[in-house]
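Residue numbers (the numbering used here): -19 to 213. The next block holds one structure in the form of structure tokens; read it before the comments.
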């Protein structure tokens, strides 16, 4: 006679082994994110002639934009400072929204110092990749100077958005209570591929494709590093 061993299955689990739950963001401070958003808003404000003086706009153009000319003049620091400025306001507003949406989780997970290091570091690397790939727009006669298009600020946000989607894939968003709550990675993918859509030739992209890929890869590399060392989360 064969004996049957009955194993007790916890109620509500159906006998199947569930994968480990995705961790929720720790309850930490987002002061670094708030300071970063305030700095970005301040630079954007000072760059617009409707709100500030010509001297302020000129200062932003000299110290918060980057190009090969800037680097040749010794302003290598613009690789980092340009991540705070997006010349096209519609892109700047989109970046701010997604930085706020995804940055809260990432800032709480990494901590303020590492969050800022990731933002500025990924933006600087993306700027370097873009400048190595592109020529300055003032040499091509383009209506929109390509010196405005390294896109370090946009690509730094790409890094944060990609990392948030990888860390917390079950997260869902809904604009209205009546709407189906869609996974956040769906909207993240739409944001990360925003420059892949067809646009008129006179409308510049937020950043070159290589720079966008660089930002996403920085987010992926950070995710893999965090998975290897979960004790530091």
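By construction, the Cβ of each residue, glycine as well, lies at the ideal position given by its N, Cα and C atoms.
What's the call for residue 46, buried or exposed, on a 16-neighbour Cβ count within 10 Å? Here residue 46 refers to the residue found at position 66 when the chain shown is read from its first residue. It counts as buried.
For the candidate residues 41, 207, 34 and 10, whose alpha-carbon lies nearest to that of residue 148? As a position in the chain shown, residue 148 is number 168, starting the count at 1. The candidate whose alpha carbon is nearest that of residue 148 is 207.
C-beta atoms of residue 60 and residue 104 nearer than 8 Å: What you label residue 60 is simply residue 80 of the chain shown in a count that begins at 1. What you label residue 104 is simply residue 124 of the chain shown in a count that begins at 1. Yes; because the gap between Cβ atoms is below 8 Å, this pair is in contact.
Through-space distance from residue 71 to residue 29, alpha-carbon basis: Translated into positions along the chain shown, residue 29 becomes position 49. Translated into positions along the chain shown, residue 71 becomes position 91. Looking at the two C-alpha atoms, the distance is approximately 18 Å.
Could you have a look at residue 62 and say whether DSSP puts it in helix, strand or coil? Start at 1 with the first residue of the chain shown, and residue 62 comes out as number 82. Helix at residue 62.
Locate the alpha helix (DSSP H) running through residue 25, then write down its first and last residues. Within the chain shown, numbered from 1, the residue matching residue 25 stands at position 45. It spans 11 to 27 - the alpha helix (DSSP H) in which residue 25 sits, taken as one unbroken run.
Of the residues 54, 52 and 58, the one placed nearest residue 41, counting alpha carbons only: Reading the chain shown from its first residue, position 61 is the one you call residue 41. For the residues 54, 52 and 58, the minimum Cα distance to residue 41 belongs to 58.
By Cβ distance below 7 Å, which residues in the same chain neighbour residue 10 in space, the five residues on each side in sequence not counted? By 1-based counting over the chain shown, the position of residue 10 is 30. Closer than 7 Å at the Cβ level, and outside the excluded window around residue 10, lie 84, 87 and 88.
Taking contact to mean at least 3 C-beta pairs separated by less than 8 Å, is the stretch 131 to 147 in contact with the stretch 190 to 205? yes
Is residue 24 buried or exposed, if buried means 16 or more other CB atoms sit within 10 Å of its CB? One-based indexing of the chain shown puts residue 24 at position 44. Buried.
Opening and closing residue of the alpha helix (DSSP H) in which residue 114 lies: For the purposes of this step, residue 114 is taken as the residue at position 134 of the chain shown. Residue 114 -> no alpha helix (DSSP H), and no H or E assigned at all.
On the three-state DSSP scale, how would you describe residue 56? The residue you call residue 56 lines up with position 76 of the chain shown. Three-state result, residue 56: coil.
Let's test the definition: count the other Cβ atoms within 10 Å of the Cβ of residue 54 and tell me whether it reaches 16, buried, or not, exposed. Stepping through the chain shown from its first residue, residue 54 is reached at position 74. It is exposed - the Cβ of residue 54 has fewer than 16 other Cβ atoms within 10 Å.
Cβ shell of residue 100 (< 8 Å), same chain only, five flanking positions each side left out: Against the chain shown, residue 100 aligns to sequence position 120. Cβ neighbours of residue 100 beyond the five flanking positions: 60, 63 and 136.
Please name the residue, chosen from 139, 26 and 201, that lies closest to residue 171 on a Cα-to-Cα basis. To locate residue 171, count along the chain shown from 1; it is residue 191. Ranking the options by Cα distance to residue 171, first place goes to 139.
Using only alpha-carbon positions, find the residue among 74, 114 and 92 that is nearest to residue 168. For the purposes of this step, residue 168 is taken as residue 188 along the chain shown, with counting starting at 1. Of 74, 114 and 92, the residue nearest in Cα terms is 74.
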